[in-house]
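J.:
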Amino acid sequence: MSIKVVDVSKQYGEQIAVNGLDFEINKGEIVGFLGPNGAGKSTLMKMLTGYIKPTKGALFINDIPVIYNQKKTNKHIGYLPEHNPLYKDMFVKEYLRFVAQIHEVDKNEIDKVISRTGLTAEASKKIHQLSKGYQQRVGLAAALIHNPDVLILDEPTTGLDPNQILEIRALIKEIGKEKTVLFSTHIMQEVEAVCDRVIIINKGNLRVDEKLSTLKAGQQQIIQVTFDFKIEEQFVKQISNLVSWVNYHDNEWELTFDTQKDQRAAIFDFAQTQGLKILQMNTKNKTLETLFKEVTA
Ligand code: ADP
Ligand code: MG
66 MSIKVVDVSK
76 QYGEQIAVNG
86 LDFEINKGEI
96 VGFLGPNGAG
106 KSTLMKMLTG
116 YIKPTKGALF
126 INDIPVIYNQ
136 KKTNKHIGYL
146 PEHNPLYKDM
156 FVKEYLRFVA
166 QIHEVDKNEI
176 DKVISRTGLT
186 AEASKKIHQL
196 SKGYQQRVGL
206 AAALIHNPDV
216 LILDEPTTGL
226 DPNQILEIRA
236 LIKEIGKEKT
246 VLFSTHIMQE
256 VEAVCDRVII
266 INKGNLRVDE
276 KLSTLKAGQQ
286 QIIQVTFDFK
296 IEEQFVKQIS
306 NLVSWVNYHD
316 NEWELTFDTQ
326 KDQRAAIFDF
336 AQTQGLKILQ
346 MNTKNKTLET
356 LFKEVTA
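The letter at position 180 of the sequence shown is residue 245 when you use this note's numbering, and the numbering goes up by one with no holes.
1) Beta carbon of G85: closer than 6 Å to some heavy atom of ligand 1?
2) In chain order, which beta strand (DSSP E) runs of at least 3 residues are fully inside the stretch 101-160?
3) CA-CA distance, N102 and G241?
4) Judging by CA-CA distance, which residue of I81, Q76, F88 is the nearest neighbour of D274?
5) Jot down the residue ranges of each uninterrupted beta strand (DSSP E) in the stretch 76-104, minimum 3 residues, whole runs only, in chain order.
6) Quick one: what does DSSP say T279 is sitting in, helix, strand or coil?
7) With hydrogens ignored, establish whether the beta-carbon of S107 is closer than 6 Å to any heavy atom of ligand 1.
8) Please give me, in chain order, every unbroken run of the beta strand (DSSP E) with length at least 3 that falls completely inside the stretch 193-241.
9) Where S107 and E354 are concerned, what is the direct C-alpha to C-alpha distance, given to the nearest angstrom?
10) Can you find at least 3 beta carbon pairs, one from the stretch 234-254 and one from the stretch 204-214, that sit closer than 8 Å?
11) Tell me where the alpha helix (DSSP H) around S180 begins and ends.
12) I'd like to confirm the pairing. Which residues does DSSP put opposite F248 in its beta bridges?
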C-alpha cells in the first residue's frame with residue numbers, strides 16, 4: 066500500500082480539522098482529494114508528510130509509519146505544499162541543485178528533472194522571473210528530484226490561468242503513469258480529467274471514496290429535448306426507462322433515465338410515433354460537481 070491513513074484526527078484547540086479519516090491508496094493510483102476550503106485537505110497532507118502530528122491515528126507511506134519530524138518516509142514522498150514556497154531570488158537550476166543536495170541525490174538528476182518538467186528553456190532564469198505556471202513546474206521539479214514513488218500535491222493548479230492549468234494537469238497525468246499521486250483541488254473537472262479515484266472530505270469527515278468509473282456508472286442519464294410541438298405528459302410518460310421528467314416550456318423537456326444505455330435513439334423513435342420532430346437534444350449527465358454539492362452542502 067502506497068498510502069495508508071488509519072483513523073486519523075487532528076484537533077487545533079477546540080476545532081477538529083480532520084475527523085477520523087480512513088483510507089488506503091494503492092501503488093500507481095491518481096487520487097483527487099476534494100473538499101471545500103477549510104475541509105482539512107492541507108492538514109491531512111501535512112500529517113502524511115510528517116510536518117504536523119496527528120492528534121489521533123496513524124499514517125503510513127509504503128507501509129512505513131510516518132513519524133512527526135523524522136525523515137524516514139520523506140525519501141519516498143515528493144511534496145508540493147500549498148502556495149508553493151520557493152526561494153524566488155535563486156536561479157531555477159541553482160534552486161534545484163540546492164534541493165538535490167538536501168536529498169543527497171546525484172547532480173545528474175537535476176538536468177533530468179528539468180527536462181521532464183519542461184523547464185529547460187527557463188533553467189538559467191531567476192524563479193521570480195517565471196510565470197506562475199512555470200514556478201509551479203519548479204515546485205513539481207523539486208518534489209520529483211529524488212525520484213519518490215508517492216507524490217502529495219496540495220492544490221497544484223490553484224492560481225494558474227486556464228492554459229497553465231491544462232499544462233500542469235497534463236504533467237501530473239504523465240507523472241502519474243509511474244507514481245502514486247494524491248492531489249488536492251476544489252475543481253471537479255480537474256478530478257474528472259486526471260484521476261482514477263476521488264476522495265471527498267467535508268469539515269474533516271470522509272464523505273466519498275470511489276473510483277471515478279463507479280461514480281460514472283451509477284449516474285443517471287439526463288436528456289434535454291425540444292420537440293417542434295407541445296406534447297401532453299401522458300404521452301411522454303410512455304418512454305421506457307424514464308424515472309422523472311420536467312416540462313420546462315410547452316415543447317421543452319428534461320427527461321431522466323435510470324440506465325446508462327444512450328436513450329437518444331429511443332426518444333427519436335418516440336418523436337416519430339407521435340408525429341413530432343426534434344429541434345434539439347442534449348445529454349446532461351449528473352456531474353461530479355452535483356455530487357460535490359450534495360455531500361458538502
Ligand atoms: P483545506 O486545505 O481543506 O482548505 P485546512 O486543512 O487548511 O483545509 O484547514 C482545516 C481547518 O483547520 C480550517 O478550519 C483551518 O482554519 C484550521 N486550521 C488549519 N491550520 C490551523 C492551525 N495551524 N491552527 C488552527 N487552525 C488551523
Ligand atoms: Mg488547503
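Virtual Cβ for every residue (Gly too), placed ideally from N, Cα, C.
Keep in mind the model is a prediction, meaning the values are calculated, not measured.
T.: According to the data block:
1) Walking along the sequence shown from the start, residue 85 turns up at place 20. No - ligand 1 has no heavy atom lying nearer than 6 Å to the Cβ of G85.
2) 121-126, 142-145
3) To locate residue 102, count along the sequence shown from 1; it is residue 37. To locate residue 241, count along the sequence shown from 1; it is residue 176. Each residue's alpha carbon lies about 25 Å from the other.
4) Locating residue 274 in the sequence shown gives position 209, counting from the first residue. Measuring from the Cα of D274, the nearest candidate turns out to be F88.
5) 80-90, 95-99
6) Here residue 279 is taken as the residue at index 214 of the sequence shown, counted from 1. Helix.
7) Residue 107 sits at position 42 when you count from the first residue of the sequence shown. At least one heavy atom of ligand 1 is nearer than 6 Å to the Cβ of S107, so yes.
8) 215-219
9) Working through the sequence shown from its first residue, we reach residue 107 at position 42. Working through the sequence shown from its first residue, we reach residue 354 at position 289. Their backbone Cα atoms lie some 21 Å apart in a straight line.
10) yes
11) Here the question's residue 180 lines up with position 115 in the sequence shown. Segment 173-181, the alpha helix (DSSP H) holding S180.
12) Within the sequence shown, residue 248 is the residue found at index 183, counting from 1. The partner list for F248 (beta bridge, DSSP) reads G97, L218.
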